[in-house]
Structures are given as C-alpha cells and as structure tokens.
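Each remark here refers to the structure printed beneath this line.
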Ligand SMILES: Nc1ncnc2c1ncn2[C@@H]1O[C@H](COP(=O)(O)OP(=O)(O)OP(=O)(O)O)[C@@H](O)[C@H]1O
Ligand SMILES: [Mg+2]
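Numbering (the working numbering), first residue to last: 6 to 234.
Structure (structure tokens):
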C-alpha cells in the first residue's frame, strides 16, 4: 500500500504533447508538459482560457492519448492499456468534478451519488447507506432526499464531490469546480477536496483560473499556450 507521502507518483507526465489536427491546420493544445501528482496532494493547473488545462486533464484521465510523450497512471504507462481497460480504470479509480455539476435532475442527491456504485455492482441498500454517509461527511446529509432543482449551487457542488468520492477514487480530477460559486463556497469546496484527498491518500488535480484557489494547492502548474510557463 502507498500511503500519503509515498514516493511513487499516482500520475506522471513526461514530455507530453497533444496536437489536434483540423482541416488545413493543427493546434498544439499541450506542449512538452512534465508533471507529477502524489497521494494526498492537490495540484492546481492554472492559465488563461485556451492554455490547455482541460486538454491536459483529458490526457491525465486517459480520455485521450498523447501525440508524443508518456502518461503513467498508478505507476503504469497508459500506452499499455486497451481502451476498455482505461474505461474500467476510470470507473473504478478516478472521480470527476465539473463546473456544471452534471447532476441528474430526476434523481435525488443520494441517488446521484449512488449511481456510480452501480458500475461496481454494489447492493441497493449498501449504495444508499454509502451515499448517505458521504453526503453527511460533506455537510449535506440532511439534503439526501432533495432533487437538484431544490439545491443551491454550493450544495450541488458538494453532492458532485460526494459522487466523485463514492467509488473510492484514488485520483480526483476537477475542471473549473468553483466557476459558478461565490468566494465563500469556492474556498469551502476546495478546502473540502484537499481534506478528503489527504484523508484518503488520493491525489487531486484541479484546473482553474480562479486565483482564490492558490492557497490550497501543494503545487501550482501554470500553462501558457499549452506549455508550462
Ligand atoms: N478536440 C479539439 N479539437 C481541436 N482543438 C481543440 C480540441 N480541444 C481543445 N482544442 C484547442 O486546444 C487549445 C486548448 O484548449 P483547452 O480546452 O484545453 O483550454 P483551457 O485552458 O481548458 O481553456 P478554458 O479555460 O477556456 O476552459 C485551444 O486552442 C482549443 O481550441
Ligand atoms: Mg477548460
């Protein structure tokens, strides 16, 4: 077992470049980026719009393969994974948090959290219990039976964080998770993510241009035109 502070990085990028080829022109979205994220650590990817933050997250999550360079997850190069293996990997070991929350409006808070456990073939009663416990831990246990329409932005984001944690993810990937939140809520969510990561020995990688988040990061990587500035 690798505990927090263990020396083996969960994520390692070595000289990663991603080029998108369009009709007649190509865009180098990520240029020769090397970085690491270890257990218990929060890495903040900053940079202006179009600097390559989201593209880098998709490479880290194995949603896209690099044009050149190497991406390793949990100590294994992703070029060794089949697409199906990468899918299973994401479902079991990676949690995602987005600006737009992506909660399902027809499901309650608890059901939104429990849904990721279906893929893990967890029993219904256990799903509900685990979802309820996580929501409680994130300070929204009293909202378990509410539908998203009846939740504030900050509450929705907490439910989204609970969902990202529900499958026992060891790597949390957040793209602009505070974009639609006020300062107090934004800082609260990031503090919560950091605390959960430390506690679970997970790594968190957050892409954001929100300067309010800088104080929480263990490491800040600033991108400009796809390269580390
Ligand atoms: N699928 C794609 N095909 C072609 N070009 C793309 C694709 N995805 C991203 N790009 C380009 O790559 C560059 C980086 O985009 P990316 O979305 O990674 O930036 P970002 O830093 O996340 O920006 P924002 O802060 O606005 O979300 C941009 O020039 C974008 O147009
Ligand atoms: Mg983006």
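For each residue, glycine too, the CB sits at the ideal point set by N, CA and C.
Computed from a predicted structure; not experimentally measured.
**Report entry** Length of the line joining the Cα atoms of residue 191 and residue 15
**Finding:** Taking C-alpha positions only, residue 191 is separated from residue 15 by approximately 26 Å.
Query raised in the report: residue 57: which of 136, 219, 216, 212 sits nearest, CA to CA?
Result: Closest option to residue 57, Cα to Cα, is 212.
Report task. My understanding is that residue 207 touches residue 165, with C-beta atoms under 8 Å, so please give their C-beta distance in whole angstroms. Result -> Residue 165 and residue 207 do not touch by the CB rule: their CB atoms are close to 16 Å apart, not below 8 Å.
Query raised in the report: Less than 7 Å between the CB of residue 180 and some heavy atom of ligand 2, yes or no?
Result: Yes, the Cβ of residue 180 comes within 7 Å of a heavy atom of ligand 2.
Query raised in the report: Can you give the beta carbon distance from residue 42 to residue 48, rounded, assuming they're within the 8 Å contact cut?
Result: With 8 Å as the limit, residue 42 and residue 48 qualify as a contact, their Cβ atoms being about 5 Å apart.
Query raised in the report: residue 80 to residue 108, Cα distance in whole Å?
Result: Take the alpha-carbon of residue 80 and the one of residue 108: they are about 32 Å apart.
Query - Beta-carbon separation (whole angstroms), residue 171 vs residue 149, contact threshold 8 Å - result: About 13 Å separates the two Cβ atoms, so there is no contact after all.
Query - Residue ranges of each alpha helix (DSSP H) within the segment 30 to 107, 4 or longer - result: List check, alpha helix (DSSP H) in window: 58 to 65, 88 to 98.
Query raised in the report: Do you know whose CA, among 161, 128, 129, lies nearest residue 144's CA?
Result: Residue 161 is the option with its Cα nearest to residue 144.
**Report entry** Beta-carbon spacing of residue 146, residue 137 below 8 Å
**Finding:** At a Cβ-Cβ threshold of 8 Å, residue 146 and residue 137 count as neighbours.
Query raised in the report: Measuring from the CB of residue 30, is there a heavy atom of ligand 1 at a distance below 7 Å?
Result: Outside the cutoff, so no.
Query raised in the report: Since residue 223 contacts residue 46 with CB under 8 Å, what's their CB separation in whole angstroms?
Result: Yes, residue 223 and residue 46 are in contact; Cβ-Cβ is about 5 Å, under 8 Å.
Requested in this report: Round the Cβ separation of residue 185 and residue 104 to the nearest angstrom and send it over; I've been treating them as touching at under 8 Å.
Outcome: Residue 185 to residue 104, Cβ: 6 Å. Contact.
Query raised in the report: From which residue to which residue does the beta strand (DSSP E) around residue 132 run?
Result: Judged by DSSP secondary structure, residue 132 falls outside any beta strand (DSSP E) and instead within the alpha helix (DSSP H) spanning 129 to 142.
Query raised in the report: How about residue 75 and residue 113: do their beta carbons lie closer than 8 Å?
Result: For residue 75 and residue 113, no; Cβs fall outside 8 Å.
Query - Cα-Cα separation between residue 97 and residue 189, rounded to whole angstroms - result: So the alpha carbons of these two residues sit roughly 31 Å apart.
Query raised in the report: Taking C-alpha atoms, which residue in 40, 65, 71 lies nearest to residue 26?
Result: When the alpha-carbon of residue 26 is set against those of 40, 65, 71, the nearest one is in 71.
Query - Supposed contact pair residue 51 and residue 183 - C-beta distance, whole angstroms, cut 8 Å - result: That belief does not hold up - the Cβ atoms of residue 183 and residue 51 are roughly 13 Å apart, past 8 Å.
Query raised in the report: Going straight from the alpha carbon of residue 33 to that of residue 210, what length do you get?
Result: A straight line joining the alpha-carbon of residue 33 with that of residue 210 spans about 21 Å.
Query raised in the report: Going by the CB atoms, is the gap between residue 73 and residue 127 shorter than 8 Å?
Result: It is not a contact, given that the beta carbons lie outside the stated cut-off.
**Report entry** Outcome for residue 10 when other beta-carbon atoms lying within 10 angstroms are tallied against a minimum of 16
**Finding:** Residue placement at residue 10 is flagged as unreliable, the pLDDT there being 46, under the threshold of 50; a coordinate-derived value is accordingly withheld.
Query raised in the report: To the nearest whole angstrom, what separates the beta carbons of residue 196 and residue 221, a pair I think is in contact under 8 Å?
Result: Indeed they touch by this definition, with Cβ atoms about 6 Å apart.
Report task. Report whether the distance from the Cβ of residue 101 to the nearest heavy atom of ligand 1 is below 7 Å. Result -> Because no heavy atom of ligand 1 lies under 7 Å away, the Cβ of residue 101 does not count as near it: no.
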